[in-house]
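J.: Pasting a structure below so you can have a look.
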Amino acid sequence: MRMLFVGGGTGGPTAPLIAVAESLRERFPKAEFVFLGTRRALDDKFIAQAAFPIVYRTIPAGKWRRPFSLKNIFDAFKTFLGFCKAFFYLGRFRPDVVFGAGSYAQVPVAYAAYLRGIPVVIHQPDFRLLLSTRLVAPIATAITVSFSHTAQGIGTGSGLLAKYPKSKVHVTGNPVRAGILGGSIGEARRIFSLNDRYPTVLVMGGGTGARRLNEIIQESLPELTKYVQIIHLTGGRTAGKTPKMEHYHAYDFLAADLKHAFAAADLVISRAGMGTISELGRLGKVSLLVPLPDSPRRGSEDRQSNQRRL
Numbered sequence: 001m002r003m004l005f006v007g008g009g010t011g012g013p014t015a016p017l018i019a020v021a022e023s024l025r026e027r028f029p030k031a032e033f034v035f036l037g038t039r040r041a042l043d044d045k046f047i048a049q050a051a052f053p054i055v056y057r058t059i060p061a062g063k064w065r066r067p068f069s070l071k072n073i074f075d076a077f078k079t080f081l082g083f084c085k086a087f088f089y090l091g092r093f094r095p096d097v098v099f100g101a102g103s104y105a106q107v108p109v110a111y112a113a114y115l116r117g118i119p120v121v122i123h124q125p126d127f128r129l130l131l132s133t134r135l136v137a138p139i140a141t142a143i144t145v146s147f148s149h150t151a152q153g154i155g156t157g158s159g160l161l162a163k164y165p166k167s168k169v170h171v172t173g174n175p176v177r178a179g180i181l182g183g184s185i186g187e188a189r190r191i192f193s194l195n196d197r198y199p200t201v202l203v204m205g206g207g208t209g210a211r212r213l214n215e216i217i218q219e220s221l222p223e224l225t226k227y228v229q230i231i232h233l234t235g236g237r238t239a240g241k242t243p244k245m246e247h248y249h250a251y252d253f254l255a256a257d258l259k260h261a262f263a264a265a266d267l268v269i270s271r272a273g274m275g276t277i278s279e280l281g282r283l284g285k286v287s288l289l290v291p292l293p294d295s296p297r298r299g300s301e302d303r304q305s306n307q308r309r310l
């Protein structure tokens, strides 16, 4: 079996793909896996978290920004280049299926696969349907969703999804990667030089970092480190140099050691991405979630709705 995953841009669309790849690897040890992602610096580090090596390739891919931005014109050209590159790569690799999980990179790859006659499966991790999911849904062989509420909105109303039969929509939950499980508090003490006398707070700004969250944490360090020790994953987004002080341990990103950081954490402060929420729920961690930024009108409505469902 050959399988091509497409994701990247952030950790949200990537983590479920890693989880699915790990599960398939157990069932099909001889299967071949390739991951097509963007040229973002951290995408390859996300893939490195998998329990086994996955071949990683990049394609150009562009976002569609709302409200309209002149960058959309340039990104439309990038998306076309991504389609061309994906079309030729699919001709060489000939996967049995293409699987995406909401990344903007999945759009050109999915349409290239469709023209090649290759089945396309897409996963919708969030409550609200993403634009990339709406664009790919009409040509997808199957759609999996994390929540039954999301499934109710597919195949009804107007727009692209109205033409898509609900029989191809499956509620699966959001896959969680094995790489976050089995962490050791003892290993965390050794790796991060933790002190047994202080509670541990793990701060996660998401795969792309959360600049304001990072700033607030670092501005508060003189007071915070009197009471707790902090493992801070910045995503590489800090305003200046990372402070050097006792009880504060900052990293751009953690791969294999992330499970140990989770194991040691008494509290997790994190961006409220659905991938992170799924993982925190699986680990049973006490958490303080910071909502993702969105438009003022839609964001407030979505947050209230999502809070009720969670």
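Numbering-wise (full-length UniProt numbering), the sequence shown opens with residue 1 and increments by one.
Note that CB positions come from ideal geometry on N, CA and C, so glycine has one too.
All values reported here derive from a predicted model rather than from experimental measurement.
How about residue 329 and A113: do their beta carbons lie closer than 9 angstroms?
T.: For residue 329 there is no data in the structure shown, the boundaries of the chain being 1 and 310.
J.: Quick check on DSSP: helix, strand or coil for residue 322?
T.: No answer is possible for residue 322: the residues shown for the chain start at 1 and end at 310.
J.: Buried or exposed: H170, going by 16 or more other Cβ atoms within 10 Å of its Cβ?
T.: Its Cβ having fewer than 16 others within 10 Å, H170 is exposed.
J.: When DSSP labels each residue in this structure, what does A101 get in the three-state scheme?
T.: Reduced to three states, the DSSP call for A101 is coil.
J.: Taking P60 as the reference, give the member of D75, R66, S148 with the closest Cα.
T.: Checking every option, the nearest Cα to that of P60 belongs to D75.
J.: For the candidate residues G102, L254, L221, whose alpha-carbon lies nearest to that of L233?
T.: Of the listed residues, the one whose Cα sits closest to L233 is L254.
J.: With a cut-off of 8 angstroms, do at least 3 Cβ pairs link the region 171-186 to the region 20-31?
T.: Flag = yes, the region 171-186 and the region 20-31 touch.
J.: At the level of alpha carbons, what is the spacing between V6 and F77?
T.: Straight-line Cα distance between these residues: approximately 19 angstroms.
J.: Among F93, S103, K259, K285, which has the Cα closest to the Cα of V34?
T.: V34 has its Cα closest to that of F93, out of F93, S103, K259, K285.
J.: Rounded to whole angstroms, what is the Cα-Cα separation between I277 and Y89?
T.: If I take the Cα positions, the gap works out to 34 angstroms.
J.: Out of Y198, L36, P29, R27, point me to the one whose CA is closest to P13's CA.
T.: It is L36 whose Cα lies nearest to the Cα of P13.
J.: Is any heavy atom of the ligand MG found at a distance shorter than 8 angstroms from the C-beta of F93?
T.: Because no ligand of any kind appears in the structure shown, any question about the ligand MG cannot be addressed here.
J.: Would you check if there are 3 or more beta carbon pairs closer than 8 angstroms linking the region 187-199 to the region 263-270?
T.: Result yes; three or more Cβ-Cβ pairs closer than 8 angstroms.
J.: Would you decide whether L115 is buried or exposed? Buried here means 16 or more other CB atoms lie within 10 Å of its CB.
T.: By the neighbour-count rule (16 or more Cβ atoms within 10 Å), L115 is not buried but exposed.
J.: Suppose only complete runs of 3+ residues qualify. What are the beta strand (DSSP E) ranges in the region 187-267, listed by chain order?
T.: As far as the region 187-267 is concerned, its whole beta strand (DSSP E) runs of at least 3 residues are 200-204, 229-233, 248-251.
J.: Is I73 closer than 9 angstroms to Q49 when the C-beta atoms are compared?
T.: No, Cβ-Cβ distance for Q49 and I73 is not below 9 angstroms.
J.: What's the gap between the Cα of A132 and the Cα of G173?
T.: In the sequence under discussion, the amino acid at residue 132 is Ser, which differs from the Ala named in the question. Distance between the alpha carbons of S132 and G173 is about 19 angstroms.
J.: Below 7 angstroms CB to CB, which residues in the same chain sit around L260 once its five sequence neighbours on both sides are set aside?
T.: According to the sequence provided, residue 260 is His. The question's Leu does not apply to it. Here the set comprises G183, S184, E187, A188, I191.
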